[in-house]
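Following: one structure in structure tokens, then a few remarks.
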Amino acid sequence: MADIALHSPLAGAATGPVAHDLPEAGPRDYWQLLKPRLMSLSVFTALIGLLVAPGDLHPFLAATSILWIAVGAGASGALNMWYDSDIDRVMKRTRSRPIPSGRVAPGEALALGLFLSGISVVMLGLTANWLAAFWLAFTIFFYAVIYSMWLKRTTSWNTVIGGLAGAFPPMIGWAAATGTTPLEAWLLVGLIFLWTPPHFWALALFVKLDYHDARIPMLTVTHGRAETRRQTWLYALALAAISLATAFSAIGGPLVLATVLVLNGMFLAYAWSVYRRSDADSEADGHGAEKRLFKWSLVYLFAHFAVFPVQILLGGW
Amino acid sequence: MRVEHEMHIRRRGRNFGLLAVLLAFIVIVFGLTVVKIQTGGFAEAFDHVSRPALVPVEAGQ
């Protein structure tokens, strides 16, 4: 397996810059290890899950539960950075991260990731309940081991499967509030799970990502760009279906339905235009359709999740 | 006069960051304890005397 030959997270000091030539790692470097942008997505979706769940968690416990979910997400980010430090060194986009740049030793990142994983799971269990703690532990395991260590380097469906790890936070928030994970919580998981591939593939179609140099089997490389366009459209269809299902569920209502119709109408229109054109068309207009789909996907996720608590306040069906 | 070690100067930012995190953790655990006690249900500790609440109620009583 080619991945094994490439992978060597502990070899950073040997190939990276000499440690004494570099500035001392500061709090910002450790903060970067936690992947704050991914953490913010987890915080937002977990908060929505917690707010729309029919629970009555004390506000302090709710706030600290969100904090521990964020710490857990950060822990999985640190473990991912530790394991991926070899490929981060190869790609331009990730070369300045704390480990490949030599500011943080791989062992430090591993220790931080393991410590934060343990403390976030235990503290979420003590703060909320052990079902939420279990799903947080599972999410960390899934992202760090199943995705980062195994599937990311072996299958072109890594984007789809990796998306599942990012999809769990709203369900963890729901479990923290109620101690249960009913259908509505799983619909929120499904929403992020099906949103991730078209969001990421739209980006991959207009940004020159150097995954190929790092030997990561991305769909654009393994199956071609035309197939990536087709898959983007198919996932947009599946996303619309599950999005409509949320509108008719216990967390839905007229406002959610109206929002969902607008969001998915635009998403499908943009995904269709991405599917129907060739790379030559795309180059000619500076990847206009792909950029529109990517930007709309950001609006889509934020607006879709934000509308649920508003609907709960107004009253559902 | 005690001379500050060069490493302590270099790692000042990191050490203050860690201090802030540890203080925040103490505040969170304290707050968690207070809230759990305030919102907790009836708690009865073992105090070496018989506790009628533990004795099952017999039929007809």
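So the sequences go chain by chain: A and B.
Just so we're aligned, residue -19 is where the first sequence starts under this note's numbering, counting upward by one.
Just so we're aligned, residue 92 is where the second sequence starts under this note's numbering, counting upward by one.
Using N, Cα and C, we set each Cβ at its ideal position, and we do this for glycine too.
Does chain B have any CB closer than 7 Å to the CB of residue i?
| i | result |
| --- | --- |
| Thr158(A) | no |
| His38(A) | yes |
| Leu41(A) | yes |
| Glu88(A) | no |
| Gly6(A) | yes |
| Pro(-11)(A) | Note that Pro(-11)(A) scores 49 on pLDDT, short of 50, meaning its location in the model is unreliable; the coordinates nonetheless yield the value given after this. Output row for Pro(-11)(A): interface = no. |
| Thr176(A) | no |
| Thr202(A) | no |
| Thr44(A) | yes |
| Val(-2)(A) | Model confidence at Val(-2)(A) stands at a pLDDT of 47, short of 50, so the residue's coordinates are unreliable and nothing is read from them. |
Taking only beta-carbon positions, decide if residue i is within less than 7 Å of chain A.
| i | result |
| --- | --- |
| Gly108(B) | yes |
| Val146(B) | no |
What are the start and end residues of the alpha helix (DSSP H) that includes residue i?
| i | result |
| --- | --- |
| Asn106(B) | Arg103 to Thr130 |
| Thr176(A) | Leu163 to Phe186 |
| Ala5(A) | That residue, Ala5(A), is in no alpha helix (DSSP H); it is neither H nor E in DSSP. |
| Thr135(A) | Unbroken run through Thr135(A): none, as it is neither H nor E. |
| Gly153(A) | Pro149 to Thr158 |
| Ile222(A) | Arg205 to Ala227 |
| Ala144(B) | No alpha helix (DSSP H) holds Ala144(B); DSSP gives it neither H nor E. |
| Leu199(A) | Leu199 to Thr202 |
In chain order, each beta strand (DSSP E) run of at least 3 residues that lies wholly inside the region 29 to 91 of chain A: DSSP assignment within the region 29 to 91 of chain A yields no whole beta strand (DSSP E) run of 3 residues or more.
Members of the region 102 to 128 of chain B near chain A, C-beta cut-off 7 Å: Hits within the stretch, in order: Arg102, Gly104, Arg105, Gly108, Ile119, Gly122, Leu123 and Val126.
Length at least 4, wholly inside the region 229 to 285 of chain A: the alpha helix (DSSP H) runs in chain order: Look at the region 229 to 285 of chain A and you find these whole runs of alpha helix (DSSP H), each 4 residues long or longer: 234 to 255 and 259 to 264.
Residues within the region 88 to 111 of chain A neighbouring chain B, beta-carbon criterion of under 9 Å: Listed by position along the chain: Ile99, Met103, Leu106 and Thr107.
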